[in-house]
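Notes follow the structure.
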Amino acid sequence: MTQRDFLIVGGGVVGMAVAYGLARAGLSVTVLDESDDALRASRGNAGLVWVQGKGLGMPRYAELSLEAAKAWADFARELTERTGIDLEYEQRGGVDLCLDAEEAHSRQQEYTTLQNASSFLTQEFRWEYLDREALMPYLPGLGEAVHGGTWSPHDGQCNPLYLLRALYAASHSLGVDTHPASPVERLEATASGFRATTPRGHFEADRVILAAGLGARTLAPMLGLSDAVHPVRGQVLVTERRPPGARLPTPQIRQTASGGYLIGDTHEDAGLDKGVTLAMMQSLAVKAVRIYPDLAEARLVRSWGALRVMTPDGNPLYEASTTHPGAYNINCHSGITLAAFHAGGLSDAIRDDRVAQSFPQFSGARFHVPAT
Ligand SMILES: Cc1cc2nc3c(=O)[nH]c(=O)nc-3n(C[C@H](O)[C@H](O)[C@H](O)COP(=O)(O)OP(=O)(O)OC[C@H]3O[C@@H](n4cnc5c(N)ncnc54)[C@H](O)[C@@H]3O)c2cc1C
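Right, dumping it as structure tokens:
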């Protein structure tokens with residue numbers, strides 16, 4: 097068998113977006129993934145394609161999020177054309193709610209600072225603070241407990257499971273071979289590239305990309321890459337289907353295309369426990385009813401927990417190994433939003449081996465500064 101151009105470790109939305117981007121550029125790609133019991137943020141997230149709040153301490157991340165959001169409509173259309181899968185993507189704008197005046201004040205200060213951080217953001221990042229009354233046309237039936245919120249036209253939503261399914265289907269159609277239930281135990285350089293060892297045998301390629309989410313904690317050091325990611329649990333609650341409405345999505349709650357409300361923006365340190373807790377479910381339900389009082393009537397039908405893949409500063413990790421040229425580490429906590437960029441500009445940078453030059457801010461070196 098001829099050696100492949102790329103081996104990707106991790107078949108979540110990040111690994112598959114990059115696999116798709118590389119295969120679309122004509123490169124041969126093999127993807128190795130774990131089993132169904134793996135920790136997989138890509139199967140438990142909220143499906144927001146979201147710009148607000150991104151890059152508050154790193155404007156370049158805000159720029160990438162905005163570029164990704166702008167590319168998303170074409171990206172979704174292209175995947176649908178290739179696969180026939182409707183991603184349920186829509187970009188009607190979104191609102192990040194503020195429950196009190198203090199939150200409203202600090203949010204506006206943060207966004208103003210961000211907007212002034214680069215000429216691109218000054219020109220392109222559009223947002224507005226709206227009080228509760230002004231939000232009503234966007235969020236009909238909004239509860240009195242809500243103070244207001246920031247509205248932005250860039251925000252949207254999709255069905256993240258359909259996104260993942262489409263990425264697999266499109267990648268397969270371009271010749272990507274994917275191997276589930278193939279946990280990588282060891283990664284090493286060979287005379288002609290890299291080798292991954294799994295219980296199902298060895299896989300080799302010219303170059304290797306680690307897109308293993310929390311799996312980077314054990315695999316990254318094998319290739320001189322950063323292991324600085326940790327889990328942050330999010331719990332999600334879903335209501336029965338409700339009549340479709342005009343309400344824009346918010347990070348706190350959104351109505352899905354099938355009618356159910358998806359509630360949840362918890363951020364918890366729970367180690368590797370991806371379960372749900374009654375206390376958190378109760379607090380999510382209370383918050384949902386404060387936002388939309390009519391949901392007091394809604395039956396709850398489903399809940400789950402999932403682990404975010406978080407770096408110490410919350411910004412993505414895009415790095416090329418200096419000790420193992422040809423090895424890359426790609427990790428982020430906003431893989432749905434950034435999917436269009438991962439399949440586009442980031443894949444191009446990996447293909448051309450210019451990740452370090454194009455995205456120096458995102459190297460893992462920022463977390464491994466030797467003490468003086
Ligand atoms: C509750 C919640 C809500 C979220 N909401 C949003 C949102 O609205 N919008 C947004 O943009 N993002 C959201 N996210 C974040 C988003 O889900 C993640 O950024 C994204 O899924 C990360 O994808 P990934 O492929 O890096 O990680 P994962 O989905 O975790 O995939 C990593 C893959 O690597 C594999 N792997 C690990 N170790 C190995 C190994 N040794 N060998 C082989 N394979 C291995 C695993 O099997 C897994 O499939 C949310 C996350 C959570 C938890």
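Heads up: the sequence shown is residues 97 to 468, going by my numbering.
Virtual Cβ for every residue (Gly too), placed ideally from N, Cα, C.
Cα-Cα separation, residue i to residue j
i: E186; j: P345; result: 10 angstroms
i: S248; j: D196; result: 19 angstroms
i: E54; j: V147; result: The first residue shown for the chain is 97 and the last is 468, placing residue 54 beyond what the model contains.
i: S161; j: N255; result: 18 angstroms
i: G252; j: L144; result: 6 angstroms
i: K150; j: Y414; result: 16 angstroms
i: V280; j: D129; result: 8 angstroms
i: R261; j: S399; result: 21 angstroms
i: M377; j: H201; result: 28 angstroms
i: G180; j: A439; result: 18 angstroms
i: S443; j: T176; result: 20 angstroms
i: L306; j: G106; result: 7 angstroms
i: T126; j: N411; result: 27 angstroms
i: A375; j: L396; result: 15 angstroms
i: E364; j: R203; result: 21 angstroms
i: R282; j: G297; result: 11 angstroms
i: V304; j: V451; result: 13 angstroms
i: A366; j: G108; result: 21 angstroms
i: K383; j: Q348; result: 9 angstroms
i: A308; j: Y424; result: 11 angstroms
i: H275; j: L263; result: 15 angstroms
i: N141; j: A312; result: 19 angstroms
i: A394; j: H243; result: 23 angstroms
i: T314; j: I426; result: 14 angstroms
i: M232; j: A137; result: 33 angstroms
i: G111; j: N212; result: 33 angstroms
Own chain, CB closer than 8 angstroms to residue i, minus 5 neighbours either side, in chain order
i: E300; result: Q99, R100, L103, T286, S288, G289, F290, R291 and A292
i: R222; result: S248, P249 and H250
i: D302; result: Q99, R100, D101, F102, S288, G289, F290 and G422
i: L210; result: G151, L152, P155, A158, L217 and F221
i: R329; result: T362, H363, E364, D365, A366, D369, K370, G401, A402, L403 and R404
i: P339; result: G355
Cβ neighbours of residue i in the same chain (closer than 7 angstroms, five flanking residues each side left out)
i: S354; result: R337
i: G73; result: Residue numbering for the chain in the displayed model covers 97 to 468; residue 73 lies beyond these limits and cannot be assessed.
i: E163; result: F437
i: L310; result: L135, V325, P327, L403 and V405
i: R178; result: A266 and S269
i: A392; result: V385
i: A241; result: L195 and R386
i: T294; result: L128, S278, P279, V280 and E281
Beta-bridge partners of residue i, as assigned by DSSP
i: S399; result: L333
i: V105; result: L128 and L306
i: N427; result: L413
i: A253; result: Per the sequence presented here, residue 253 reads as Gln, with Ala not at that position. For Q253, which the question treats as bridged, DSSP gives the partners L144 and E186.
i: H326; result: M406
i: Y357; result: Q351
i: Y225; result: T246
i: E364; result: R329
i: E284; result: R291
i: H298; result: T293
i: D192; result: T246
i: T274; result: V127
i: R136; result: R136 pairs with nothing; no bridge assigned.
i: R100; result: A301
Close beta carbons around residue i, own chain, < 6 angstroms, minus the five adjacent residues each side
i: S124; result: R100 and D101
i: Q457; result: R156
i: L259; result: L183
i: Y388; result: G237
Residue-chain proximity (residue i, chain C), Cβ-Cβ < 7 angstroms
i: D365; result: Among the chains of the structure shown, chain C does not appear; only one protein chain is present.
Exercise. Would you call the stretch 190 to 204 and the stretch 449 to 466 in contact, with 3 or more CB pairs under 8 angstroms?
Worked result: They do not touch, by the three-pair rule.
Exercise. Is the stretch 165 to 174 in contact with the stretch 356 to 366, if contact means three or more CB pairs nearer than 8 angstroms?
Worked result: no
For this session: Could you say if the stretch 322 to 333 and the stretch 115 to 123 meet the contact criterion of at least three C-beta pairs nearer than 8 angstroms?
Result: no
For this session: Decide yes or no for the touch test of the stretch 108 to 117 against the stretch 267 to 281: beta carbon pairs closer than 8 angstroms, at least 3 of them.
Result: yes
Exercise. Per the contact definition of three or more C-beta pairs closer than 8 angstroms, is the stretch 416 to 428 in contact with the stretch 306 to 319?
Worked result: yes
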